[in-house]
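Encoded as structure tokens, the structure appears first; notes follow it.
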Amino acid sequence: MTDTTNIPGTTADEAGRLDGVLRIAGWGTAGVMFAIPAIAMTLTHEVDWDATDFAAWGIMLLTTCLLGEGVLRAYPNWPARAGAILSIAAGFLLVWVNLAVGFIGDGINQYNAVYLAMPIGVVAAGALARFRANVMQWLLIGCALVQLAIPVAASESGRFEWIATAVFCALWLGAAGLFRKSLGFR
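The sequence shown maps to residues 1 to 186 in the UniProt record's numbering.
Shown next, in the form of structure tokens:
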């Protein structure tokens with residue numbers, strides 16, 4: 001268990017209980033999200049998942065939960081935890097959108113492949129840097145820049161998703177700001 005006693009007004013026991021609540025909430029939410037497509041398939045014929053769809057969905061949810069477990073162990077202060085959770089959520093949403101409908105155009109193309117690589121790159125580079133907050137903030141700023149550069153490059157083909165790009169840039173930059181804030185948090 002990490003030392004979360006630096007949460008204002010929180011004892012070590014309270015912080016440990018809060019970690020437990022967060023774990024239960026995260027894994028429980030993943031379980032419910034995994035079941036939703038199966039339930040939807042019984043209610044409508046518009047949802048038609050096969051074993052591959054469920055495997056991909058399960059891998060996404062499991063990866064997200066395992067990263068969340070890592071956050072609770074790696075970061076003792078709440079700004080860093082919030083930044084990590086926000087970046088995990090952004091990566092999850094980016095992969096989900098890409099696998100479901102594609103961010104730019106349908107399916108996997110050169111642009112969507114880069115979007116899929118972004119979260120993998122952040123996790124890999126973060127692991128090499130031991131997920132230090134000062135490195136994570138720059139990796140996430142890089143994500144925002146890549147998030148903006150891809151649709152600019154794709155704009156020649158007439159495909160640019162301004163609103164989605166702005167939302168994801170805000171998520172990446174918000175997470176970077178939280179990591180930056182964590183550097184001065186004691």
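Don't be surprised by glycine CBs; every beta carbon is placed ideally from N, CA and C. Given the structure is predicted, the values throughout are model-derived calculations rather than measurements.
Between the beta-carbon of ALA82 and that of LEU178 there is about 5 Å, and that keeps the pair under the 8 Å contact cut. Cβ contact annotation for TYR111 (same chain, cutoff 6 Å, sequence separation greater than five): ILE104, ILE150 and ALA154, in chain order. Per DSSP, ILE104 is not a residue of any alpha helix (DSSP H), being assigned neither H nor E. Just so you know, the alpha carbons of TRP78 and SER182 end up roughly 7 Å apart. For ALA129, there is no enclosing alpha helix (DSSP H), as DSSP marks it with neither H nor E.
Judged by DSSP in its simplified three-state form, PRO151 adopts helix. By a beta-carbon distance limit of 8 Å, ALA40 does not contact VAL32. Their separation comes to about 12 Å. When rounded, the separation of the alpha-carbon atoms in THR63 and GLU156 is 35 Å.
Nearest C-alpha to ILE163 among ALA51, GLY91, LEU43 and GLN147: GLN147. Annotated three-state conformation of VAL47 is coil, per DSSP. The three-state secondary structure of ILE108, taken from DSSP, is coil.
If you look at GLY177, you'll find it in the alpha helix (DSSP H) that goes 162-183. Comparing alpha carbon positions, the residue from ARG180, GLY184, CYS143 and VAL152 closest to ALA170 is CYS143. Cβ contact annotation for ALA30 (same chain, cutoff 8 Å, sequence separation greater than five): LEU61, LEU62, THR64 and CYS65, in chain order. By the neighbour-count criterion, in which 16 or more other beta carbons inside 10 Å mark a residue as buried, ILE88 falls on the buried side.
Taking C-beta separations shorter than 7 Å and ignoring five residues to either side along the sequence, the partners of ALA175 in its chain run GLY83, LEU86, SER87, ALA90 and LEU140, following chain order. When the Cα atoms are used, LEU18 and VAL152 turn out to be separated by approximately 42 Å. Ranked by how close their Cα comes to the Cα of PHE168, the residues GLY126, VAL123, PHE92 and ALA127 have PHE92 in first place.
Looking only at PHE34, LEU128, TRP138 and LEU94, the smallest Cα-Cα distance to ALA117 is reached by LEU94.
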